[in-house]
Amino acid sequence: MNYVIEMLNITKEFPGIKANDNVTLQVKDGEIHALLGENGAGKSTLMSVLFGLYQPEEGKILIKGKEVNVKNPNVANEHGIGMVHQHFKLVHNFTVTENIILGLEPKKSFGRIDIDAAAKKVAKISDKYGLSVDPHAKIEDITVGMQQRVEILKMLYRNAEILIFDEPTAVLTPQEIRELMGIMKELVKEGKSIILITHKLKEIKEVADRCSVLRRGKYIGTVDVGSVSEEEMAEMMVGREVSFEVEKGPANPTDVVLKIENLNVLDSRKLLAVKNLNLEVKAGEILCIAGIDGNGQSELIQAITGLKKIESGKILFEGTNIEHESIRNRTLLGIGHIPEDRHKHGLVLDFSVEQNFILQNYFQEPYSIKGIIQPDAIRAYSEKLIEMFDVRSGQGSITEARSMSGGNQQKAIIAREIDRSPKLLIAAQPTRGLDVGAIEYIHERLIEERDAGKAVLLMSLEMEEVLNVSDRIAVIYEGEIVGILNASETDENEIGLMMSGAKRGKV
Amino acid sequence: MEVIYSMMTLTLIFSTPIIITAIGGMFSERSGVVNVALEGIMMIGGFTAATSIVFLEKSTSFAPWIALLFGLIAGVLISLVHAYISINLGAEQVISGTAINLLAGGLTVYLSQVIFHQQRTQSFETGFIKTTYPGLSKIPIIGRIFFENIYPTVYIALIIVIASWYVLYKTPFGLRLRATGEHPQAVDSVGISVYKMRYIGVLLSGALGGLGGAIMVLTFDTQYTIGSIHGVGFIALASLIFGKWKPAGVLGASLFFGFSQILSVYSTDFAFLAKFPQEFFKILPYLLTIVALLIFSGSSVGPKAAGEPYDKGQR
Amino acid sequence: MKKIYDYILDEKNHHFIIPAISIILGFLVGSIIMIFSGLNPLDMFASIIRGVFGITLSKIGTGKAIFNARYLGEYFVFAMPIILTGLSVAFAFRTGLFNIGAEGQMIVGSFASVVVAILVPLPPVLLLPLVILAGALAGAIWGFVPGILKAKYNVHEVVVTIMMNYIALFMTNYYLKKLPGSTNSKTVALVKGATLKSDFLSDITNHSRLNWGFILVIIAVFSFWYIIEKTTFGYELKAVGYNPDAAKYAGIKVNSRAALSMVIAGAYAGLGGTVLAIGTFGYGRVLPQAEGYGFTGIAVALVGGNTAAGSLLGGLLFGALNAAQPIMQSSGIPKDIAVIISSMIILFIAMQNGIKMLLERLKGGK
Amino acid sequence: AKKEEPVKTEEPAKTEEPAKTEEPAAAEPVVETPDFTVGLVTDVGGIDDKSFNQGTWEGIVRFAEDTGVKTKYLQSASDADYNPNLATFSDEELDLIVAPGFLFADAMSEVAGNFPDQKYLIIDSVVGDRPNLVSAVFAENEGSFLTGVAAALKADEAGKDTVGFIGGMDFDLIQKFEAGFEAGVAAVNPDMKVLIEYAGSFSDTQIGQTLAAKMFDQGAYIIYHAAGGTGNGLIKEAKDRRTNGEDVWAIGVDRDQYADGIYDGDNSAVLTSMMKRVDVAAYDVAAKTLAGEFPGGEVLVYSLANDGVGIPAENPNLSDEIVNTVNEYKTKVISGEIEVPVLPNRLK
Ligand SMILES: Nc1ncnc2c1ncn2[C@@H]1O[C@H](COP(=O)(O)OP(=O)(O)OP(=O)(O)O)[C@@H](O)[C@H]1O
Ligand SMILES: Nc1ncnc2c1ncn2[C@@H]1O[C@H](COP(=O)(O)OP(=O)(O)OP(=O)(O)O)[C@@H](O)[C@H]1O
Ligand SMILES: [Mg+2]
Ligand SMILES: [Mg+2]
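Residue numbers (the numbering used here), protein chains in the order written: chain C, 190 to 696; chain P, 285 to 599; chain E, -3 to 362; chain U, 6 to 353.
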């Protein structure tokens, strides 16, 4: 068989995790090969190994049949491997041509860059593949989709034969995605081979020839896309093994605590990340926002908690619009927030555990009286939380948060947010990166909150968590809720299809 | 009219060290390393040049030029410290720069005492000499400004501005340097070493800062003293910002700051300026820089990655 | 021995060990430079001991008075302003801002104190507090400008503070000369009631210039510690300094806290100017150039790990180097070695990542 | 430099090592070494500042060489050091403590009050009411008068009608230089124009040079400076212009600056200098103190009459004729026939 790339038995470990465990990937000449897997399955790691960013502990790489030691990205480039990174590597105030030729500048007399020749070449390549990129445009003036084409041109300019796309559609509009698919097809027609990393089954179905699936670092298998259904691929991706059912009784939803009406939120690139979104969360239920990373769930939560300004729409908390309330006021009104990124938002790592416990209420009695911090009250409170939530650390209350394990850091945040007894608890990826025990514990606490009559808004990327913990599931796709399902009446396949945009449900 | 010509020429002379040093700072910051050590680098360059000329002037008529070279080399050496600390050790670049400024003051005076047994270098006789170029000075207007009673170092400054513009905007090196200051990850991803580019940027600032300091001492002074540079390095920093990190802008800003000082010297000759105290003209460059920063604050000028240590792993 | 070794290698102690190593290395480099230029480093240390305590080692055994309290008094006079500028830099650091402007804040502090002392006709009991307040307030205003520019427009505070230093210098010089009775180099002497001078303190220290300024310093050190460690406001400042994103998440107004911290930092530096003007001198001075108190303050803050007590110790350390300078110079040691040592200490602290790596390697190698 | 130096500025190495001078007994076989020490506290300039610190130190060293007494000095790192440095010497009970410059006035007065048993000399400032303190001041206006005369004569000789003056900072001490110079020029040629400029600094050579260039361009033939380090810029500009064949001159201040103006081998751009003999003052007072005649509380005035100010003995750039005329004027000033003003015209 004619493979351009063979990654055989690759194992790559990070401290505490085998990101790739004996993974094999074989890419045929001239095919589009999809690499499918959940978040954290090890896709990017595998590609980073291929591109020379990481060195694997075990396994070997063959390029066009020859074993190669890809020490660094330059070696990869020499072998005709190019990569479009998920985060574009473009200089914003440079022109398209300047970005493309960076590092490989054609020269004319007196050591000058021959920018005209370069621009012509860029235009030629662009025409050849129907990319319609203006070689003289500045990056900051063009759309994200166009920027991605510049990245593609960058590879083509370097005569790359094997093109890696890491989640290329995550940041694109549907039209742009359609165009990208066309470009990919054009590329393989010209004899290139493509590895496409994605979660979206629809896309795989549309362009890919074959698909390799990873799950939790392990290689699951490779299938011919034409001969399997989306459901089958989803099953491979999610897996059946799992699931110790979480003990929980039926929900008793009562009043609506949070009501979102026609909400629109922009992301950092000024694109609509949340589109005309409507949602209700009731007291006594766990509503889960399920979706693939980057579909607007982060922006939605930041809008509710006040970390992000909204574009339009209403956020009603117990009937009052909180659009203009400060973060502090939303907290005081009774919103608790377990943030998605615990190191960025959730903790002050240089503070001690007890100082982190009071992050949301340090200014209130008994922790502060007339502007003076009350160490005794804080210590007592801290001891209580440590006891109640079993937060383990070297020196108890005075342990620096930085020195704690991820699971205990997360427990500390959860302790802080739950103990304030908020009417609405927002938990964004609360179990990310934690071990099984910690996950179980956190799930129990969330259910306890629900049973105590609180509204819980869960955001998760983990299919099991979505299914086991929540009562209702709102699937988000491209900033819209594409379906609301009862957890007891659905399954992974249905959710997976909705998450990847292949199916729409009732809203 | 006579007065205007004189003022123009003097502005060129006055601005020369500012221009050269600021262009040096531009290379450093374009590579992504903030350099507040320009003042200190100038001091080291000025001291080295003064010391070398004292020892050389009796033996060669090229002494000033050789002294410039030594000043330049000394600037490179001291900037190596900044480069290592900022680039390899990922330190807070402003702290490193501040320490170098402080060090330069102590070191130059200390070495003066070791070498000359006094707190300043010995006086030198030659330095650079203002020259009038007989043929050229007859050219209308231009001749009077550029070729009469002027130091050859002025031409060095102008050549450096043009050369740096060329290098920055026309050559592969310039493209890579600018990219490094904007988006080092992008540079790394196409196989160019970010560290190498940053070293070159910082060492260029050392070379030009050293040269600027050397020129300052060899044109205005008869020896190096602790007061020889007196804040010109910070004016250069101001010019760099006011000139938006661009060669032409830096030239314009430096000339403007130089001109404001010349105006203060001539203020007694113009009724409308005589009202302003000397202090007003001294404050002007600094005040304008703050205003400029305020105006720029909305738009993003200045190398985006300047001041941030490069971490290979970061995306 | 093993215990000491472990203590040094323990990461928990780095905040203390790294400045200590930097200080040692700074003196080491200074000593090596001296040896290379044919000087004896021990003479430098003798000068420092004499400059600080007035203990003349060579007099030991000669029967002459070995100790002279005046040196101690003058030593504190040296240390007081740089402790205050050190506090200023440290305070701003606590919210993640780099205050290179302590110099300028100090200059305007001096200026404001002198102006009030000269122009405001009040009895001493009322005047003195006003004079002190004016100094702190002027420094605070000078700190507010970069603070608000940073908070509102995200203009980098480093460049602004450098520029503000020069503006402070030239502007105050201009106005000082305009005060009634001023010459082109200084103002009239302030009435004694408007100064911090004290015959009592001077007498007990053998006519040194020790003055009540030390009380202000103690109050400043204490207030720094109190604000940072004890108050809700200090908690917010620290949170902003350590992690602005988390601070925002917790509902803290990050920008206003940053601006406020520059205001307080400026007040400390302004107070430093007050102590210098109405404690050490008793008149306003037209300065030919900046005096470097602000830059020494950076060293003080870095050595002190940006804490109150650390700045106090750092101020005493660099005060010792200052006090020793004339004595060094007169015993044939260029006084500039003190400047070299100070700057080397800052450089080594800047290199702390390198020192940490070295310590890690030592640990690994064990 | 074929001329006798009034003070040994050419050999700084000798004066720079106090360690050496502290033990004169070892260096020179003086039979009877008096137990007497003179101490100098300098300002930030230090004993090699080419200005009054250096001059004063040279006077003290010369006195030590002549008599075998001991010397010491302390250099101030800032003006905050003045007081403690003076007090340090007072503690050590030195026999005479000297400080140059009016900036010392406050510190001197305070320390002299604190140590009534010590003897002090302040140069360039009058500090009254202290019986243990002598003030030495100079008639800079008289010395400057002579340079004015010399400048005007030289300009007349060359057919030029303008001369100039650059002051460091505009305050009374420097105004005395300005006033004397103006008066000297006017005494010779009342129609001659005198351009007056102040640099606003004693250490900014950039401004010094620029001011000089401007004034030369405006027709000044000779420029006299009383601006310390700023004057280096003037001398540099004059050297440059003379190298280019332009006929312009600089006049030095404080010491004989002839050597600073040397260009092209032997030529100097420094026409003459207004010498202010701080060394003489330091020497005199030290001698009197040693002899037990310390003139406590007095104000000693050094003027043309006692050669405390004046132009150098050798002036290679001045013709004998001019020197003779200058000397005639000197006699007239000494005799009181001419009274030299202390206030410049612009302030009258
Ligand atoms: N540099 C690293 N150090 C430690 N762990 C890492 C590192 N990079 C990735 N991991 C971990 O390795 C596992 C696999 O990550 P990888 O990025 O390959 O997943 P992925 O399939 O690309 O996921 P995603 O869809 O989120 O991009 C994850 O658990 C991740 O946390
Ligand atoms: N050093 C690390 N330690 C722990 N987790 C890490 C580390 N580096 C990355 N991760 C985690 O691994 C996951 C995926 O990382 P990865 O680098 O593969 O990201 P990616 O989104 O696939 O980016 P790209 O496609 O641009 O490489 C993320 O959850 C990230 O937080
Ligand atoms: Mg990803
Ligand atoms: Mg990935």
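Backbone N, C-alpha and C define an ideal beta-carbon position, used for all residues, glycine too.
Top-ranked residue by Cα proximity to residue i, from the options
i, options, result
"residue 379 of chain C", "C:491, C:309, C:548 and C:348", "C:348"
"residue 202 of chain C", "C:194, C:238 and C:346", "C:238"
"residue 201 of chain E", "U:110, U:322 and U:119", "U:119"
"residue 312 of chain E", "E:77, E:5 and E:36", "E:77"
Cβ shell of residue i (< 7 Å), same chain only, five flanking positions each side left out
i, result
"residue 350 of chain U", "187"
"residue 570 of chain P", "522"
"residue 113 of chain U", "91, 104, 125, 127, 132 and 138"
"residue 25 of chain E", "340"
"residue 682 of chain C", "420, 423 and 424"
Near ligand 6: residue i beta-carbon under 8 Å from a heavy atom
i, result
"residue 215 of chain C", "Among the ligands in the structure shown, ligand 6 does not appear; only ligand 1, ligand 2, ligand 3 and ligand 4 can be found there."
Residue i: first and last residue of the uninterrupted alpha helix (DSSP H) it sits in
i, result
"residue 62 of chain U", "57 to 72"
"residue 210 of chain C", "Unbroken run through residue 210 of chain C is the beta strand (DSSP E), 206 to 217; no alpha helix (DSSP H)."
"residue 332 of chain E", "332 to 346"
Where the beta strand (DSSP E) containing residue i begins and where it ends
i, result
"residue 159 of chain U", "Careful: residue 159 of chain U lies outside any beta strand (DSSP E), inside the alpha helix (DSSP H) at 145 to 163."
"residue 648 of chain C", "644 to 649"
"residue 280 of chain U", "275 to 281"
"residue 383 of chain C", "382 to 387"
"residue 666 of chain C", "661 to 666"
Closer than 9 Å to chain A by CB, residue i
i, result
"residue 410 of chain P", "Structure shown: chain A not included; protein chains present are C, P, E and U."
Sequence-distant residues of the same chain with beta carbon closer than 8 Å to residue i, five excluded per side
i, result
"residue 338 of chain E", "22, 292, 295, 314 and 317"
"residue 282 of chain C", "327, 328 and 329"
"residue 9 of chain E", "3"
"residue 370 of chain C", "392, 395 and 396"
"residue 212 of chain C", "196, 198, 199, 200, 231, 235, 248, 403, 406, 407 and 408"
"residue 317 of chain C", "379"
Beta-carbon contacts of residue i that lie in its chain and below 6 Å, excluding the five residues immediately before and after
i, result
"residue 22 of chain U", "For residue 22 of chain U, the predicted structure reports a pLDDT of 40, less than 50, and the residue's modelled location is therefore unreliable. The matter cannot be settled from this model."
Chain-ordered residues of the segment 202 to 235 of chain E with a beta carbon less than 7 Å from chain C
226, 227, 228, 229, 231 and 235
Minimum length 4: unbroken alpha helix (DSSP H) runs contained in the segment 71 to 129 of chain E
98 to 115
Within 9 Å of chain P by C-beta, residues of the segment 296 to 314 of chain C in sequence order
296, 299, 300, 301, 302 and 304
Taking a cut of 7 Å between CB atoms, which residues from the segment 249 to 271 of chain U lie near chain P?
249, 265, 267 and 268
Contact list for the segment 389 to 400 of chain P against chain E, Cβ threshold 7 Å:
389, 390, 391, 393, 394, 397 and 398
Within the segment 560 to 631 of chain C, note down every full beta strand (DSSP E) run reaching 3 residues or more, in order along the chain.
613 to 617
Segments assigned beta strand (DSSP E), at least 3 residues, entirely inside the segment 222 to 279 of chain E:
none
Using a Cβ-Cβ cutoff of 7 Å, what residues of the segment 206 to 225 of chain U are near chain P? List them in chain order.
208, 209, 210, 211, 212, 214, 215, 216, 218, 219 and 222
Selection of the segment 174 to 190 of chain U by Cβ proximity to chain E, strictly under 8 Å
174, 175, 176 and 177
Tell me the start and end of each unbroken alpha helix (DSSP H) in the segment 316 to 403 of chain C that is at least 4 residues and wholly inside, in chain order.
333 to 346, 363 to 378 and 390 to 396
Report the residue ranges of all beta strand (DSSP E) runs contained in full by the segment 215 to 279 of chain C; include only those spanning at least 3 residues, in chain order.
221 to 225, 247 to 252 and 270 to 273
Near-chain E residues of the segment 72 to 91 of chain U - C-beta to any C-beta below 9 Å
77, 78, 79, 80, 81, 82, 83, 84, 85, 86, 88, 89 and 90
Members of the segment 406 to 432 of chain P that neighbour chain E once the beta carbon cut-off is set at 8 Å
none
Using a beta-carbon distance cut-off of less than 9 Å, what residues from the segment 518 to 550 of chain P approach chain U?
545, 546, 548, 549 and 550
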